[in-house]
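Student: Sending over a structure as structure tokens; questions will come in a sec.
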Amino acid sequence: MPKKVAIVGISAFPFRVRHPHYTYYRMAFETTKMALENANLSINDIDSAVYGIYNDFFERQFMPDIIVHDYIGMILKPGTRVTTGGATGGYAIRTAYMEVASGLSDVVLCLGVEKSNDCWDPNTDTRTPELVKAISYSADCEFVRPLGSFPAASYVLPVRAHIEKFGNPSEESMARVSVKNHGNAIGNPNAQSPMKITVEDVLNSRYISEPFKKLDCCLYSEGAAAMILASEEKAKEICKNSGNEPIWITGIGAGNDSNFGGLRKNLWSLTSNVYASKQCYKMANIKNPLKELDVAELHDAFTGQEILSYEDCGFIEHGKGYTLIDEGIVEEGGELPVNLSGGLIGCGHAVGATGIYQATEIVKQLRGESHRQVSDAEKGLLHSVGGPVTAYCVCIIMER
Amino acid sequence: MNNVPKKDFKEKLLAQIDQLNKDPNFHEYYDEMIIHYKYSVGELSKFFVEIRDNAKLFGTKCTKCGFGYFPPRLYCNKCYTKCEWTELSGKGEIIAGTIAHFGVSAFTDKVPISIAFIKMDGMDMAIRHTIVMDEADYKIENMKKGTRVKVQFKPKEKREGKITDFYFVLDK
Ligand SMILES: [Zn+2]
């Protein structure tokens, strides 16, 4: 039996388009400092570290983790880097969890950092095309990358397949997700894109990859997030000193699908998400996620993807995901609010940090510290996804 | 319940960041990461040589379960059995497609492009590739599931034995 694991400290370095005054290792340092303060610990109390840093081209550095490891004062202690695309954060938490659950470490730092917008395209004097070029090397370089694919064109294809099978989600339903998540980010100091917008604003924004429009897509960010995980015994001692409630990780599921979307049986379902969520519900003994969960943070890189995730995470049957947004069930005050932080669309996507950041938002909800607090929230879901056509998926249940 | 953050470190940091980001006094310099390759494609060599020299597409089929792989691979990941090469007709159909109006830096002047999962006749796996169309045809209505497409090869002198040596067109 794995040992019980609690989250005893959290922090986030605000997600912004750029942080030109910060190196990625200083961002990592500031975030570690905040997490230690949050848990009332010093770096000497940390037994080992897990780093979520996705893309070597972003940091312009291979093995950036060993530079961070030194900078934050972890010399001569174990440190492991995780890099699994957009799911880097979720997998970093899973790895940190395993270190504590196995008894190898009592207190583990799980730190995600990404500084992506130093990439620059000389031809257009803009950053995003070069940034997505850096990402494109994550696609199969034999058969996919040379053809010029990019994340929106990759993630839109399951949504297109879903539309052709079920006749939904409509562009209006997707626009409602954009309105919700941009709106939820208002009041969140860590969010990059808090905005009060209308469905019409989204529908009037230009197409990026049909039917995704500009406001259906998240923006890339620079930012960081950290969590400190501890064994039951240590957690009780740490939380006594810090005054925080320990937040327990009670379920973890993970699964990776083929990186070739064309190998999958049903393109309209993100099957890695189905597998990972079922596994984490089983471990946490959750039968009806829509009823039993109080709050969820889903990986909404794109609006349509959030709607497919409602189905694949078992909130509702396939083909009906759109009803959850159309009927307000996933809105603030609804039965299961999704992405009250703002999600990726509202907060931005600092790839290696994103999953950890969204997990800290669940912890805030369970502690009662959120800017959009669900009263008496007891159980939350983190959903962390990445890779070509959502190949990687990690789902984590956290409880008070 | 603990509703009040215990320390104001966070607010101070935020104010500091927003102040710094207004300050033009920072340094950035040009840099790049480039590695050149003569990349060996091993057991896939036949696939690329047939494209370059003969303008032919080959997939592979598992000799045990018959599953058709395109892009081709040597082993079936279900049976752990070897696959054998099989020539394709060059025709297939769209499984799902999009019209992209944005591209990575090498493609920014090439948009719109159509990207689709295409299942070749006789194959079970779909390949993600581009469909080249007349300007007026770049419409999502032309990317419906089941739409027939056929392969087109670049002229022989332009073929390099790469995935970009061919593309698809609508099979009207
Ligand atoms: Zn087989």
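Top to bottom, those sequences are chains A and B.
Residues 634 to 1033 (this note's numbering) make up the first sequence, in order.
Residues 23 to 194 (this note's numbering) make up the second sequence, in order.
Even glycine gets a Cβ: it sits at the ideal position worked out from N, Cα and C.
What's the gap between the Cα of Pro802 (chain A) and the Cα of Asp703 (chain A)?
Tutor: Near 47 Å, if we compare the C-alpha coordinates of Asp703 (chain A) and Pro802 (chain A).
Student: Pair every Cβ in the stretch 163–172 of chain B with every Cβ in the stretch 901–921 of chain A, then say whether three or more of these pairs are closer than 8 Å.
Tutor: With a cut-off of 8 Å, the stretch 901–921 of chain A and the stretch 163–172 of chain B do not count as touching, because too few Cβ pairs lie within range.
Student: Can you list the beta strand (DSSP E) stretches of 3 or more residues lying completely in the stretch 890–963 of chain A, in chain order?
Tutor: List check, beta strand (DSSP E) in window: 928–930.
Student: Report the rounded CA-to-CA distance for Thr103 (chain B) versus Ile768 (chain A), giving the unit in angstroms.
Tutor: Each residue's Cα considered, the two are about 33 Å apart.
Student: How would you call Lys141 (chain B), buried or exposed, if buried means at least 16 neighbouring beta carbons within 10 angstroms?
Tutor: Result: buried.
Student: In the DSSP assignment, the beta strand (DSSP E) including Ile640 (chain A) goes from what residue to what residue?
Tutor: It spans 638–649 - the beta strand (DSSP E) in which Ile640 (chain A) sits, taken as one unbroken run.
Student: Taking Arg839 (chain A) as the query, report the chain B residues whose CB atoms sit under 8 Å from its CB, ordered along the chain.
Tutor: Here the neighbours are His123.
Student: Kindly give me the distance between the Cβ atoms of Asn814 (chain A) and Gly976 (chain A), rounded to whole angstroms, as I take these residues to be in contact under 8 Å.
Tutor: About 4 Å separates the two Cβ atoms, so the contact holds.
Student: Could you give the C-beta distance for Ser136 (chain B) and Ile121 (chain B), rounded to a whole number, given that I count them as a contact under 8 Å?
Tutor: Their Cβ separation, rounded to whole angstroms, is 5 Å, which keeps Ser136 (chain B) and Ile121 (chain B) in contact under 8 Å.
Student: Would you call Ser1008 (chain A) buried or exposed, if buried means 16 or more other Cβ atoms sit within 10 Å of its Cβ?
Tutor: Answer is exposed; the Cβ neighbour count stays below 16.
Student: According to a CB-to-CB cut-off of less than 7 Å, which residues of the stretch 757–769 of chain A neighbour chain B?
Tutor: Per Cβ criterion, the list reads Thr757, Pro762, Glu763, Val765, Lys766, Ser769.
Student: Taking just the CA atoms, how far does Tyr97 (chain B) sit from Phe188 (chain B)?
Tutor: Approximately 24 Å, taken between the alpha carbons.
Student: Please classify Glu1011 (chain A): does DSSP put it in a helix, a strand, or coil?
Tutor: Looking at Glu1011 (chain A) - three-state DSSP - the assignment turns out to be coil, as it is neither helix nor strand.
Student: Since Phe893 (chain A) contacts Met145 (chain B) with CB under 8 Å, what's their CB separation in whole angstroms?
Tutor: At roughly 12 Å, the Cβ-Cβ gap does not stay under 8 Å, so Phe893 (chain A) and Met145 (chain B) are not in contact.
Student: Distance check for Lys953 (chain A) and Asn25 (chain B), CA to CA, integer angstroms please.
Tutor: Legend: pLDDT at Asn25 (chain B) = 42, less than 50; position of this residue unreliable, value from coordinates given subsequently. So the alpha carbons of these two residues sit roughly 36 Å apart.
Student: So which residues of chain B does Leu999 (chain A) contact, with C-beta pairs closer than 9 Å?
Tutor: Ordered by position in chain B, no residue passes the 9 Å Cβ test against Leu999 (chain A), which lies about 10 Å from the chain.
Student: Drop a sphere of 10 angstroms on the beta-carbon of Gly168 (chain B), count the other beta-carbons inside from all chains shown, and report buried for 16 or more, exposed for fewer.
Tutor: The residue in question, Gly168 (chain B), is exposed, as its Cβ has fewer than 16 Cβ neighbours within 10 Å.
Student: Mind reading off the beta-carbon distance from Glu50 (chain B) to Pro653 (chain A)? Whole number of angstroms is fine, and I expect it under 8 Å.
Tutor: Right, the Cβ-Cβ distance comes to about 6 Å (below 8 Å), so this counts as a contact.
Student: List, from N- to C-terminal side, the beta strand (DSSP E) runs of 3 residues or more that fit wholly inside the stretch 789–870 of chain A.
Tutor: 840–842, 855–864, all fully within the stretch 789–870 of chain A.
Student: Between which two residues does the beta strand (DSSP E) harbouring Ser136 (chain B) extend?
Tutor: Unbroken beta strand (DSSP E) run through Ser136 (chain B): 135–142.
Student: Taking Phe776 (chain A) as the query, report the chain B residues whose CB atoms sit under 8 Å from its CB, ordered along the chain.
Tutor: Going along chain B in sequence order, the residues near Phe776 (chain A) (Cβ under 8 Å) are Pro93, Ile149, Arg150, Ile185.
Student: For a contact meaning CB atoms closer than 9 Å, what does Leu790 (chain A) contact in chain B?
Tutor: Those within 9 Å of Leu790 (chain A) in chain B are Ile117, Ala118, Gly119, Thr120, Ile137, Ala138, Phe139, Arg150.
Student: What residues in the stretch 947–973 of chain A bring their beta carbon closer than 7 Å to a beta carbon of chain B?
Tutor: Of all residues in the stretch 947–973 of chain A, none has a Cβ within less than 7 Å of some Cβ in chain B.
Student: Please decide whether Glu797 (chain A) counts as near chain B, where near means a Cβ-Cβ distance under 8 Å.
Tutor: Yes - at least one Cβ of chain B is within 8 Å of the one on Glu797 (chain A).
Student: Does the distance between the C-beta of Lys86 (chain B) and the nearest non-hydrogen atom of ligand 1 fall short of 7 Å?
Tutor: The answer is yes for Lys86 (chain B).
Student: Are the C-beta of Glu843 (chain A) and some C-beta of chain B separated by less than 8 Å?
Tutor: It does: the Cβ of Glu843 (chain A) has a partner Cβ on chain B nearer than 8 Å.
Student: Looking only at DSSP bridge pairs, what is Ile882 (chain A) linked to?
Tutor: Answer is A:Met1031, bridged to Ile882 (chain A).
Student: Excluding five sequence neighbours on each side, which residues of the same chain lie with their C-beta closer than 7 Å to the C-beta of Gly816 (chain A)?
Tutor: So the qualifying residues of the chain are Lys829.
Student: Using the C-alpha atoms, what's the distance from Glu747 (chain A) back to Ala645 (chain A)?
Tutor: Roughly 12 Å separates the two Cα atoms.
Student: Which residue from A:Cys774, A:Ile885, A:Thr993 puts its Cα closest to that of Ala668 (chain A)?
Tutor: Residue A:Thr993 is the option with its Cα nearest to Ala668 (chain A).
Student: Beta carbon of Thr108 (chain B): closer than 7 Å to some heavy atom of ligand 1?
Tutor: No, the beta carbon of Thr108 (chain B) sits no closer than 7 Å to any heavy atom of ligand 1.
Student: I'd like to know if Val191 (chain B) contacts chain A, where contact means its C-beta is closer than 8 Å to some C-beta of that chain.
Tutor: It does not: the Cβ of Val191 (chain B) has no partner Cβ on chain A nearer than 8 Å.
Student: By alpha-carbon positions, which one of A:Phe935, A:Gly642, A:Gly888, A:Val638 ends up nearest to Asn874 (chain A)?
Tutor: Selected option, being the one with the closest Cα: A:Gly642.
Student: Mind checking if Asn24 (chain B) is an interface residue toward chain A, Cβ cutoff 8 Å exclusive?
Tutor: Low per-residue confidence applies at Asn24 (chain B): pLDDT is 40, beneath 50, and the placement is therefore not dependable, though the value from the model is reported in the following sentence. True, the Cβ-Cβ gap to chain A drops below 8 Å.
Student: What separation, rounded to the nearest whole angstrom, lies between the Cα atoms of Ile57 (chain B) and Ser67 (chain B)?
Tutor: Taking the straight line joining both Cα atoms gives about 22 Å.
Student: If you run the structure through DSSP and keep just helix, strand and coil, what is Glu747 (chain A)?
Tutor: The answer is strand: DSSP assigns Glu747 (chain A) an E or B state.
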